[in-house]
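So this note's numbering is basically just the index in the sequence shown, starting at one, shifted up by 305. Using N, Cα and C, we set each Cβ at its ideal position, and we do this for glycine too. Take a look at the structure set out below.
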Amino acid sequence: MTEITAGDTRDLRVEGVTIHFGGVYALKDVSVRFAAGEISALIGPNGAGKSTMLNAICGIYGVDSGRVFYGERELTGRSPFQIARSGIARTFQNIVVSPGESTLDNLMVGRHSLMDSSLWRSALRLDRKEEARHLARVCELAAAVGLAPYLDEKAGSLSYGMLKRVEFARALCTEPTLVLLDEPVAGMHADESLEFASTIRSIATDLDLSVVVIDHDMPFVFDLASHVTVLNFGQVIATGVPEEVRQDPEVVTAYLGTTSERNGS
Ligand code: ADP
Ligand code: MG
306 MTEITAGDTR
316 DLRVEGVTIH
326 FGGVYALKDV
336 SVRFAAGEIS
346 ALIGPNGAGK
356 STMLNAICGI
366 YGVDSGRVFY
376 GERELTGRSP
386 FQIARSGIAR
396 TFQNIVVSPG
406 ESTLDNLMVG
416 RHSLMDSSLW
426 RSALRLDRKE
436 EARHLARVCE
446 LAAAVGLAPY
456 LDEKAGSLSY
466 GMLKRVEFAR
476 ALCTEPTLVL
486 LDEPVAGMHA
496 DESLEFASTI
506 RSIATDLDLS
516 VVVIDHDMPF
526 VFDLASHVTV
536 LNFGQVIATG
546 VPEEVRQDPE
556 VVTAYLGTTS
566 ERNGS
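So, in structure tokens, the structure goes:
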């Protein structure tokens, strides 16, 4: 495991990024740094630009201006595949699993991205040892995420909460150093989401992962994250430690006022 030092090479930096869709500015000159080894949260109202930021980092959306760096490596202009190979994995706001496939097969899809096609072909054809090694690692990660009992079950038969765990595990199967989670606990009960927070935290520690998480579940976000950035109308309105951010009057007005009503707190 590499040691993380001050000014570390694995910070994720979004610098002056603008993305617009016609007249709508999803991100307007946004700069934010997500520190290596930390669990950072990105919050804000619907339409604030949170998912767009993840899409910009992953290369799914090109930027209109600005740059994105992962450590020394510039991500701007690279393909999603190249960016995944830099150690960045993500989950999506909407569940993306193959319901007819087993949990294990869904996780192996994450694993395939580790191998280029020729390697994968030879793994399929000949290299049983290599295949067994990958399988063992996938099972180990699945167990860490609480999926061991469900590996042979069809993903379509799993509960919503378990499907969210499948997506997280599939991201881990690419052996990332940074995981971007887009609304991982949306729709979960409060106890389920806090349990998932503790799974994410222990895995992040064990695997020396950086995490950027988006969610509207404030107890989950404030329990999990050590750093919070708030977007509103495509701009950063606050960034800092959770205690600072949750008391920021602009954040309360733009966002937290409404979520605390929704969360009944
Ligand atoms: P959030 O994830 O914070 O809810 P998004 O990043 O999904 O917000 O969206 C920010 C804004 O950008 C919204 O106005 C949304 O409609 C717009 N937007 C996002 N993606 C697209 C797209 N592919 N085409 C057109 N508009 C988009
Ligand atoms: Mg979104």
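- Compute every distance between the C-beta of residue 329 and the non-hydrogen atoms of ligand 1, then say whether any falls below 7 Å. At a cut-off of 7 Å, the beta-carbon of residue 329 counts as near ligand 1: some heavy atom of the ligand is closer than that.
- Task: For residue 398, write down the residues that DSSP places opposite it in a beta bridge.
- Result: DSSP, once it has assigned bridges, lists no residue as partnering residue 398.
- Query: Exposed or buried, residue 496, counting other C-beta atoms within 10 Å across all chains shown (16 or more means buried)?
  - Reply: The Cβ neighbour count for residue 496, taken over all protein chains shown within 10 Å, is under 16; the residue is labelled exposed.
- Query: Looking at residue 355 and ligand 2, is the gap between the Cβ and the nearest heavy atom below 7 Å?
  - Reply: Yes, the beta carbon of residue 355 sits closer than 7 Å to at least one heavy atom of ligand 2.
- Can you tell me the Cα-Cα spacing of residue 404 and residue 387, whole angstroms? In a straight line, the C-alpha of residue 404 is about 27 Å away from that of residue 387.
- Near ligand 1: residue 537 beta-carbon under 7 Å from a heavy atom: Within 7 Å of the C-beta of residue 537 there is not a single heavy atom belonging to ligand 1.
- What's the call for residue 324, buried or exposed, on a 16-neighbour Cβ count within 10 Å? The residue in question, residue 324, is buried, as its Cβ has 16 or more Cβ neighbours within 10 Å.
- For ligand 1, is there a heavy atom less than 7 Å away from the beta-carbon of residue 352? Residue 352: yes, Cβ under 7 Å from ligand 1.
- residue 408, enclosing alpha helix (DSSP H) - first and last residue: Segment 408–417, the alpha helix (DSSP H) holding residue 408.
- Inspect the beta-carbon positions of residue 316 and residue 340 and report whether they are closer than 8 Å. Note that the C-beta distance between residue 316 and residue 340 is below 8 Å.
- Task: Specify, as a first and last residue, the run of the alpha helix (DSSP H) that residue 506 falls within.
- Result: 495–512 is the span of the alpha helix (DSSP H), which, as asked, contains residue 506.
- Reducing DSSP to helix, strand and coil, say where residue 475 ends up. Residue 475 falls in the helix class under three-state DSSP.
- Message: Any heavy atom of ligand 1 inside 7 Å of the beta-carbon of residue 326?
- Response: Residue 326: yes, Cβ under 7 Å from ligand 1.
- Task: Taking residue 509 and residue 518 to be in contact with their CB atoms under 8 Å, please state how far apart those CB atoms are, rounded to whole angstroms.
- Result: The C-beta separation of residue 509 from residue 518 comes to about 10 Å, leaving the pair out of contact by the 8 Å criterion.
- Whole-number beta carbon distance between residue 372 and residue 320, since they are thought to touch under 8 Å: Indeed they touch by this definition, with Cβ atoms about 5 Å apart.
- DSSP beta-bridge partners for residue 543? In the DSSP output, where bridge partners are listed per residue, residue 543 has 535.
- Message: Residues in the same chain with beta-carbon distance under 6 Å from residue 354, minus the five sequence neighbours each way, listed in chain order, please.
- Response: The answer, listed in chain order, is 331, 332, 536, 539.
- Local conformation of residue 405 per DSSP, three classes: Looking at residue 405 - three-state DSSP - the assignment turns out to be coil, as it is neither helix nor strand.
- Query: Which residue or residues does DSSP assign as beta-bridge partners of residue 325?
  - Reply: DSSP, once it has assigned bridges, lists 330 as partnering residue 325.
- Would you grab the beta carbon distance between residue 459 and residue 379 for me? Rounded to a whole angstrom, and I think it's under 8 Å. The pair is not a contact, with the Cβ atoms about 41 Å apart (cut-off 8 Å).
- Item | Backbone secondary structure at residue 484 - three-state DSSP | Assignment of residue 484 by DSSP, reduced to helix, strand and coil, places it in the strand class.
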